[in-house]
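Here the protein sequences come in this chain order: F and S. Mapping the first sequence onto this note's numbering, position 190 (from 1) lands on 190, and the numbers just tick up by one. Mapping the second sequence onto this note's numbering, position 117 (from 1) lands on 343, and the numbers just tick up by one. What follows is a single structure, written as structure tokens, with notes after it.
There are 2 protein chains.
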Amino acid sequence: MTKPCIICVAITGSVPRKEDNPAVPISVEEQIESAHEAFEAGASIVHCHVRKPDQTPTADPEIFARLKEGLEKHCPGMIVQLTTGGRSGAGRERGGMLSLRPEMASLSVGSCNFPTRIYENAPDLVDWLAAEMKTYGIKPEIEAFDLGHIFQAVKMAQDGRITGPLYVQFVMGVKNAMPADKPSFDFFVETLKRLAPDAEWCAAGIGRHQRELNEWAIAAGGHTRT
Amino acid sequence: MTKPCIICVAITGSVPRKEDNPAVPISVEEQIESAHEAFEAGASIVHCHVRKPDQTPTADPEIFARLKEGLEKHCPGMIVQLTTGGRSGAGRERGGMLSLRPEMASLSVGSCNFPTRIYENAPDLVDWLAAEMKTYGIKPEIEAFDLGHIFQAVKMAQDGRITGPLYVQFVMGVKNAMPADKPSFDFFVETLKRLAPDAEWCAAGIGRHQRELNEWAIAAGGHTRT
Ligand SMILES: [Zn+2]
Ligand SMILES: [Zn+2]
Ligand SMILES: [Zn+2]
Ligand SMILES: [Zn+2]
């Protein structure tokens with residue numbers, strides 16, 4: 001298989017703070033610096049969360065705009081993917097930055113449990129986020145936290161709510177959701193291939209599962225996420 | 227395989243109303259009558275929802291008590307399973323009837339999307355319902371709406387939150403959750419066997435998928451649900 005391996009880098013998640021890890025890039029300037037290093041090392045997609053000055057996650061379009069602008073300037077050609085994940089805001093707030101027209105944005109198509117709460121992605125919110133992405137010509141990265149989410153993404157691509165081909169990220173290792181399990185990972189890959197042969201995919205292992213998932217993804221021909 | 231096939235009958239769900247189907251048993255008396263017929267026809271477990279006089283779902287322990295008493299009188303030996311599902315109430319209300327000590331109760335161990343909303347089973351509510359079932363000596367029927375729910379049930383059995391062996395129901399065909407898909411069904415069965423070899427399982431197909439799921443379950447050695 002000669003297709004180039006896309007490396008997707010998540011420079012800042014929504015959880016770690018400076019107190020936990022002084023190296024985590026929090027300010028827009030730190031994030032741009034960190035993405036630039038990853039870009040020079042070969043990463044082609046940068047998955048972005050942003051924080052308020054007090055380090056709490058936010059979906060503030062102004063902060064996203066500054067980050068996007070800086071990334072475009074310092075990492076020309078790098079694909080900017082903005083998160084619409086649930087930690088940064090509630091409801092449609094989560095998609096307020098989509099009018100910035102990033103090349104990609106994350107899209108969760110189902111709900112599941114997280115370590116201490118429900119990761120809420122109600123059907124009408126999912127449909128609204130998907131419609132916004134269509135409006136602004138943004139390619140969604142589907143966040144599949146469970147098998148059913150793969151089916152939901154395929155259905156949405158089939159009925160036109162998502163413009164194909166699909167780009168799916170399998171997420172494993174979140175407490176109370178799908179653990180990092182090799183037979184299940186293989187079944188996810190196999191199922192996506194069966195239902196959407198033209199789909200591309202990557203995998204993200206949370207915390208200590210990150211290296212494991214990357215190894216599985218590389219061996220199975222997927223993209224990787226660091 | 228000579229183990230007897232357990233037939234589980236759901237006499238009344240939480241959705242259909244008399245207007246939709248005049249034959250649906252709504253009152254406690256109608257439900258007992260209907261369960262009795264199923265019992266005589268060979269059903270060994272009765273899965274129970276209850277309704278208020280206006281037909282809306284409820285978790286009212288008094289109505290559950292009257293139903294349970296009637297079932298024990300008219301269907302001696304039939305296993306009574308009370309629902310703790312999310313349509314009948316919010317939060318801990320859903321488990322208010324567990325002090326009646328039914329032999330079984332349903333237990334959803336994860337969240338997912340339903341046709342128009344999130345099926346909310348937050349981690350702390352799941353743990354509380356499981357603890358109540360332990361306190362009252364009730365066997366949970368795990369409702370697995372997705373693959374991750376099987377892993378969650380196994381983890382809860384391993385760390386003692388659920389008393390084993392597990393009894394799991396695979397639910398397929400709910401819009402926006404796991405569809406009725408044969409390879410996935412096979413993988414569910416295989417995964418449960420791999421993780422909890424002593425577990426028993428049944429399957430429920432929603433709406434038009436009911437017959438399909440029953441056929442798959444019988445062929446694979448599971449119990450059936452009608
Ligand atoms: Zn990715
Ligand atoms: Zn993210
Ligand atoms: Zn059953
Ligand atoms: Zn039920």
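Note that CB positions come from ideal geometry on N, CA and C, so glycine has one too.
Distance from the Cα of Gly-86(F) is smallest, within the candidate group His-49(F), Glu-19(F) and Glu-190(F), for His-49(F). Shown in chain order are the members of the segment 112 to 130 of chain F whose Cβ falls below 9 angstroms from a Cβ of chain S: Cys-112, Asn-113, Phe-114, Pro-115, Thr-116, Arg-117, Ile-118, Tyr-119, Glu-120, Asn-121, Ala-122, Pro-123, Asp-124 and Val-126.
Here the distance from the Cβ of His-375(S) to the nearest heavy atom of ligand 4 is not below 7 angstroms. Using a Cβ-Cβ distance cut-off of 8 angstroms, the segment 361 to 370 of chain S and the segment 321 to 335 of chain S are in contact, since at least three pairs of beta carbons, one from each stretch, lie closer than that value.
By the C-beta criterion, the segment 245 to 256 of chain S is judged not to be in contact with the segment 202 to 214 of chain F, since fewer than 3 inter-stretch pairs fall below 8 angstroms.
When secondary structure is reduced to three states using DSSP, Gln-436(S) falls in the helix class. Neighbours of Pro-405(S) across chain F, judged by C-beta separation under 7 angstroms: Phe-151. The C-alpha of Glu-93(F) lies about 7 angstroms from the C-alpha of Ala-59(F).
Listed in chain order, the alpha helix (DSSP H) elements of length 4 or more contained wholly in the segment 386 to 448 of chain S are 408 to 421 and 436 to 445. Under DSSP, Pro-57(F) takes part in a beta bridge, and its partners are Arg-51(F).
Taking a beta-carbon distance threshold of 8 angstroms, Leu-373(S) counts as an interface residue toward chain F.
Counted as a single uninterrupted DSSP element, the stretch harbouring Glu-319(S) is not any beta strand (DSSP E), since DSSP gives it neither H nor E. Residue environment analysis places Thr-417(S) among the buried positions, since at least 16 neighbouring C-beta atoms fall within 10 angstroms of its C-beta. For Val-380(S), the enclosing alpha helix (DSSP H) covers residues 373 to 384. Residue contact check for Ser-34(F) against chain S: no CB pair falls below 8 angstroms. In this structure, Trp-442(S) sits away from Phe-413(S), with a CB-CB distance that is not shorter than 8 angstroms.
Leaving aside the five residues that flank Val-254(S) on each side, the residues in its chain whose CB is nearer than 8 angstroms to its CB run, in chain order, Val-276, Ile-289, Arg-292, Leu-293 and Gly-296.
Considering only Ser-14(F), Arg-17(F), Lys-18(F) and Cys-8(F), the residue with the shortest C-alpha distance to His-36(F) is Cys-8(F). For Gln-395(S), the closest of Ala-429(S), Pro-302(S), Val-272(S) and Ile-444(S) by C-alpha to C-alpha distance is Ala-429(S). By the Cβ-count criterion, Ile-444(S) is exposed, with fewer than 16 other Cβ atoms from all chains shown falling within 10 Å of its own Cβ.
In this structure, His-275(S) has its beta carbon less than 7 angstroms from a heavy atom of ligand 4. Contact between the segment 324 to 331 of chain S and the segment 303 to 310 of chain S is present, with at least three C-beta pairs closer than 8 angstroms. One alpha carbon belongs to Ser-260(S), the other to Ile-150(F), and they sit about 39 angstroms apart. Annotation: Ile-79(F) to Gly-95(F) spans about 18 angstroms, alpha carbon to alpha carbon. Look at Ser-332(S): its beta carbon is less than 7 angstroms from one of the heavy atoms in ligand 4. Of all residues in the segment 322 to 337 of chain S, only Gly-336 and Ser-337 come within less than 7 angstroms of chain F when Cβ atoms are compared, listed by chain position. Residue pairing of Glu-367(S) in beta bridges, as defined by DSSP: Ser-332(S). Exposed is the label assigned to Asp-350(S), since fewer than 16 other Cβ atoms lie within 10 Å of its Cβ. Asp-385(S) and Ala-122(F) have their alpha carbons spaced roughly 31 angstroms apart. When secondary structure is reduced to three states using DSSP, Ile-289(S) falls in the helix class. When beta bridges are read from the DSSP output, Thr-310(S) appears opposite no residue. Phe-413(S) belongs to the set of residues whose beta carbon lies under 8 angstroms from a beta carbon in chain F. In this structure, Ala-422(S) lies near Val-380(S), with their beta-carbon atoms less than 8 angstroms apart.
Around the CB of Thr-12(F), 16 or more other CB atoms lie within 10 Å, so the residue is classed as buried.
Beta bridge pairing from DSSP links Tyr-345(S) with Cys-338(S).
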